[in-house]
Structure formats: structure tokens, C-alpha cells
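Residue numbers (UniProt numbering): 1 to 610.
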């Protein structure tokens, strides 16, 4: 197991033609691409004007100055700063040279060679073995578009990396000419530039991956398939008998890992690690942060050194990220690998970097850092938390925890309700959930879906609060906090209700129902303080379901009634004392009326019973 496999985001980036990139002092950005920088123009020889005008020097013949000239444009630098080869002109001494190839390009309405391209044989033969003659006539079946696409194909084959608009034409020509490096470049372009949210036809993408054996592109597509049903619909339209074996392997693996049942029994382990659908992934934190790994050089004391780094552009909703980083220069002898593990705060002004290595040592193939001219760097990243624009740090639930497979310290939240949120996954710290709720003691993989529907922000907010982050409003989390027995979330919601009571958009009756349903005893005590009379309290309770009231609610209600009776007891006693003659006259003539003494006795008895 490699060191980077512990990180949720990991892989190996490879820098092809590394020696050439070093010479150009510019390196490939993975997966964004390369920005090449070249400078300098040659200038011709200068002669003194006096020397030319002196006929004794032989420059003039009958007063005439003759200048022989010859030019060949070898490369062109465009406005984007990238140099490209000039394949449109013959090479110097072309007729006597055997190290160049002439491509004959046709155009449909001409029926004969319309233009020629001239390229060095060395790199062409390195990537393809079909060019055995000096002249290569391009097949006429490509004549409709070959003359437009072929120059780009040759530029890519010679290592010129630009933001080409790659399509099936590039792949078809590259396959016919056996240019594997062009094939790989187009595949990478598809992965890093394609907008899957806007793509309406998955079939074309999968068919392209199958026709040209784009295995990495296929893996990328499978990560963004919304369930096995969508993949099934795509495969039904494809030519299964023409699929390469690797294509069928990856699709079969996807079905095994994402199937909901295994002979009728739920496969919980596979369910818990399903990939998010793109519809939900677009809401994820990292979908809005396009990061890339590249190299930078540094010269110190005359020694050139180089290191890998991770850069991200301005963050849309966050100030900075707290993350673990792993970089390793890969040597052909694994024991010689140069590793660095760090914790960094990443923001647009700070980089995460690996070790600096001497450039000369990397370029010396005897040291084992290059394999066929390619430098490989292993990387791993784990974003642990993010600081929002409000200065509040929040957990990152979008990626698995560091080394979670070994530590078993993570619980996966899945929402499988059939409302378009199918496949949603969040990764939660298990220890804090266990501490606050006994419901998670025996939970290994997943948490049942919560009652938020498709509102991803509310789900994330709920788990942030459960682990101590103080954000959000109280009107959304009471039910789920009660359901999952998260006492800390319930206490937070109760406190939020108390603090924002004056801003509450609901009526007073609704507040009493909330207090009763979720056992908010402290909030109940505050509401009871605002009750002005027993009549008002009776009116409130008359509209509520008394049978569903908690025992604590009933206790505080009765206590309030008792306090009210105790408060009016002295007033009643004074009233009766001052009106004894009147009451004696009434009770003597009407025995059905209670005497003042009997009424006071009954009142004291009721208070004692309460």
C-alpha cells in the first residue's frame, strides 16, 4: 500500500518529456495543463556602411550591392505566449535529408494534394512505427477535416501543449497514425474540461471512451453516473461486441459496487461507499475549487532546485482550508523516494509544497528519478476543515477522513429517498456522534436519511452543529435532533429559540407546541413567565393536545396554577373578613352557598393537592 492511499484525494501525476520542460523552464500543470514560456529572437549580422561603400572591398559591382538571403521559420510564438513548430515550410536541405517526413493533405473539392506538412522523423517514429517512407499520403477518407486537424495532431505529438478543442476527429486520426501520446492528451482534455452538469448525452461520451480505449476517461464518467439505471440505459445503446475488455471490466465493477441488492439481500458495505451523483456533487465544496499540482524551480547559491506544489484559485465561500498534504518524488528504487508530510493552511496566497530536490540529480537518469523521460510524483491531500467568510471554522464532510479505513473512525451518511437525492454521501467523525448520542454506538457504516429532502445545506448544517460548530437557525433541526437523540443539538436549538423568540415567524401557539413536542423545559419556563393569568393559560392549553404533553410540561403547568392560587389566597381571605355580615345573611337564607370558612378550607386543600 502506497503512503498516499491514506488520503481521500490521491494519485500519481506524471510529467512527460521532463528534460525538455526543464530546458524550457516551464512544467506541466496536472490536471490543468502546461503553460510554456519561450523568449528571444535571433538577429542577423551587421556590417559597417563605410565598408560596403568602399569599392576596394568588393561589396559593390558596377555600383550595385547584392545580398543573398535565406529564411526558415522554425517556430511561431502566438499571443498566448506558447511556441509552436512551423510544419508548413520545408526544412533546410530538405531534398537531401532522410530525417524528415512529408505529409500530403487532401481537400475534398481538389482531389489532389492541397497542402503539405513537414515534420522531423525522430519524435514521429518514437511514438508511431507506421512511417517507413519519406512521404506519407494522408488517407482520403479524412479529407473533409484532416487538413484542419492534422497540424494540431503534429503539434501535440511533438509536445506542444495548448488548450486545443479536442474531439473525436483528433482521436480518429491519432488512432490511425498510432500516436498514443496524442490519444492520452485528448483523454486528459476530456476529463479536465468537460462540463458534465451540462452534458445531455452520456451515450456519446461512453461510446468515445469505448471506441478509443480511453480507460481513464471511462473511470471519470463512471464516477459521475447517477445510479446503475442510467449506466444500464447507456450500455443498451452501445455495441457490446466491440467493447474492449478493460471497458467491460470497469462497467462490471461499477455494477458490483453500486448494486442495491445481492441476491435479494442489501449490500450495506457497498452502499455506503457509492459515489455521489453529479447532480449532488455540483453542490459539494470541491466542485467549485479547481486545484492543480505542478512544479516550480528555485535557484539558491547557484544550485537549481525543484519542488511540487498544490495551488488553488480564490475560494468562493471560504477564507482558507486546513489540510494534510503528502508529496513524494518516486524513484525506481522505492527506498529512495523523497517524501514530505505536512499540515498547511491553504489560501490563494499560500501554497502547499513538497521537498526541494536538486535539478541536476533529477535529470541524471542514473539516479532513477526518470523513467522514459517521465518524472512521477505521488500526492495525497485531505482537507480537514474550512474557515468561512464569517470567520467560523467548519468540518469538511465531503471527503473521507484521513486513514479512515484503518482507524474505523468515520460514519457515512446516505440519503436514499427517491426524490433525486439518491446517492448523497457525507463522511462524519464517529467519536463525537457516539459521545453525544447512544444511537451511534453500534453504527458501522451508514446513518438513515434525514427529513431535509434535497436540501444539502441543511443536512451539512445539522452535522456541523452536532460536532460543536455554532451556526444556523433553530427552525430546521429539532425533529432530526430528537430522532437521533443528539442532546447537544437539542440544547442548541432550544437556546436558539429562546434567543430569537422575538424574531420567530410563527405564532405564539406554535411556540407552545414546539416546547411540548421537543421537551424544551427551559424555554417552557420562559413562556410561562409571560402568561398573565390562569385564564390565558387555560385558553392556550385548550388548543393543545394534552395527551401528548410530556410529564415535565404538565408539572410546570400545574406549578404555575399553584403559584397563581397562592398569590390570590391572602386577597380572598381579606375580602371574606370584611364582608362577614353579608355572607352570613346570604348563607342563612340560601344553604346551597358555601360559607367563607368552607370556601377558604376548600381552597387550601386544592393548593396542598397541587
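Glycine included, each C-beta is placed from N, C-alpha and C at the ideal position. Only a predicted model underlies this, so the values are computations on that prediction, with no experimental measurement involved.
Checking the sheet assignment: what are the DSSP bridge partners for residue i?
i, result
"residue 243", "Answer by DSSP bridge pairing: none, since residue 243 is not bridged."
"residue 84", "76"
"residue 321", "346, 386"
"residue 294", "309"
"residue 341", "326"
"residue 353", "309"
"residue 440", "In the DSSP output, where bridge partners are listed per residue, residue 440 has none listed."
"residue 394", "386"
"residue 358", "305"
Helix or strand or just coil, what does DSSP make of residue i?
i, result
"residue 464", "helix"
"residue 42", "Because the pLDDT of residue 42 is 32, which lies under 50, any placement of that residue in the model is unreliable, and the number read from its coordinates should be weighed accordingly. Residue 42 falls in the coil class under three-state DSSP."
"residue 304", "strand"
"residue 130", "coil"
"residue 410", "strand"
"residue 426", "strand"
"residue 172", "helix"
"residue 299", "strand"
"residue 178", "coil"
"residue 435", "helix"
"residue 402", "coil"
"residue 333", "coil"
"residue 157", "helix"
"residue 254", "helix"
"residue 487", "helix"
"residue 264", "With a pLDDT of 34 at residue 264, under the threshold of 50, the modelled position of this residue cannot be trusted; read the value that follows with caution. In this structure, residue 264 counts as coil in the three-state DSSP scheme."
"residue 124", "helix"
"residue 217", "helix"
"residue 212", "coil"
"residue 316", "coil"
"residue 470", "coil"
"residue 149", "helix"
"residue 232", "helix"
For residue i, verify whether its CB is less than 8 Å away from any heavy atom of the ligand SAH.
i, result
"residue 457", "With respect to the ligand SAH, the structure shown offers nothing to examine, as it has no ligands at all."
What do you get for residue i, buried or exposed, if any count of 16 or more other CB atoms within 10 angstroms of its CB means buried?
i, result
"residue 37", "Residue confidence for residue 37 is low, a pLDDT of 29 falling below 50, so the modelled location carries little weight; the figure read from the coordinates is stated next. So residue 37 ends up on the exposed side."
"residue 173", "buried"
"residue 413", "buried"
"residue 399", "buried"
"residue 210", "buried"
"residue 252", "exposed"
"residue 514", "buried"
"residue 430", "buried"
"residue 294", "buried"
"residue 334", "exposed"
"residue 224", "buried"
"residue 480", "buried"
"residue 381", "buried"
"residue 302", "exposed"
"residue 76", "exposed"
"residue 467", "buried"
"residue 248", "exposed"
"residue 530", "exposed"
"residue 496", "buried"
"residue 492", "buried"
"residue 358", "exposed"
"residue 499", "exposed"
Whose CA, out of the options, lies closest to the CA of residue i?
i, options, result
"residue 628", "153, 162, 127", "The first residue shown for the chain is 1 and the last is 610, placing residue 628 beyond what the model contains."
"residue 191", "388, 239, 205, 231", "205"
"residue 391", "370, 87, 321", "321"
"residue 184", "430, 458, 230, 159", "159"
"residue 119", "129, 354, 233, 88", "88"
"residue 426", "410, 434, 437", "410"
"residue 101", "56, 154, 73", "154"
"residue 387", "520, 116, 345", "345"
"residue 202", "233, 175, 493, 467", "233"
"residue 180", "127, 86, 222", "127"
"residue 189", "245, 57, 214", "214"
"residue 370", "337, 74, 354, 324", "337"
"residue 86", "486, 151, 226, 57", "151"
"residue 487", "500, 121, 531, 519", "519"
"residue 125", "157, 149, 116, 117", "157"
"residue 242", "208, 217, 227, 216", "208"
"residue 340", "483, 309, 524", "309"
"residue 90", "103, 324, 528", "103"
"residue 149", "122, 123, 177", "177"
"residue 351", "217, 244, 296, 81", "296"
Would you call the stretch 364 to 380 in contact with the stretch 323 to 337, where contact means no fewer than 3 C-beta pairs closer than 8 Å?
yes
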